[in-house]
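In the working numbering, the protein residues as written are 182 to 364. Every residue, glycine too, gets a C-beta built ideally from N, C-alpha and C. For reference, the structure is listed below as C-alpha cells.
Quick look at the structure:
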C-alpha cells in the first residue's frame, strides 16, 4: 500500500485526438492483465470528451462485481506499470496510477454503484452538451492557475460544478434507462 503526495504541477493542455487511441490501447492491455476480473471498462474524465482541454492523464473506470482488496488487483496491474495509491477517503473505489509524470489513472469501483454512475453521467452529459464542457474547461483553467500544485484544492474547487452537472444528467435521463455510452 502506497501513500502519495498530491503536489505535482497542474497542467491543462489542449485536447489531443490521440487520447482516445491511447485509451483503447491501454484498455486492451488492462483487459489482458486483469484476466476478465471486471464487468466494464470505460474512458472517463476530461480526456474522454473530444475538444475538451485537460490534464494529459487518461482516466479509466473499471467496474467489478464486488470491490476486493487492493492486493488482488495490484498483483496484475503492477506488471503493466500501475501503482496502488491509498487515500483514506476512498471508501468506494481503489485508485491506481501509472507513469512519472503520471499518464494514466485507474479507478476500480463496483458495477452499478453510485460511484460508477456518477462518472458515467458526468462524462455523457459533457459529450452531449459541448457548451457545458466549455464552461467546465474555463473553470478548470481558472482553478489550475489558482491552485498550481495543490491537486486536492484543485479537485475540491470543481466539486460543486460537477455535482450540478450530475444532477442535470439525472434529470435528463429520468425517461430513459441508465446505460453508459460505449466506446
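Query, Result
"Assumed close pair residue 285, residue 239 - CB separation to whole angstroms, cut-off 8 angstroms", "5 angstroms"
"Within 7 angstroms, strictly: CB atoms of residue 220 and residue 292", "yes"
"Whole-angstrom distance between residue 334 and residue 324, CA atom to CA atom", "9 angstroms"
"Close-in-space but distant-in-sequence residues of the same chain around residue 204 (CB under 8 angstroms, 5 per side omitted)", "224, 228, 229, 239, 241 and 364"
"Rounded straight-line distance, which links the Cα of residue 290 to that of residue 273", "6 angstroms"
"Same chain, Cβ closer than 7 angstroms to residue 329, five either side skipped, listed in chain order", "190 and 191"
"Spatially closest choice to residue 321 from 265, 235 and 215, by CA coordinates", "235"
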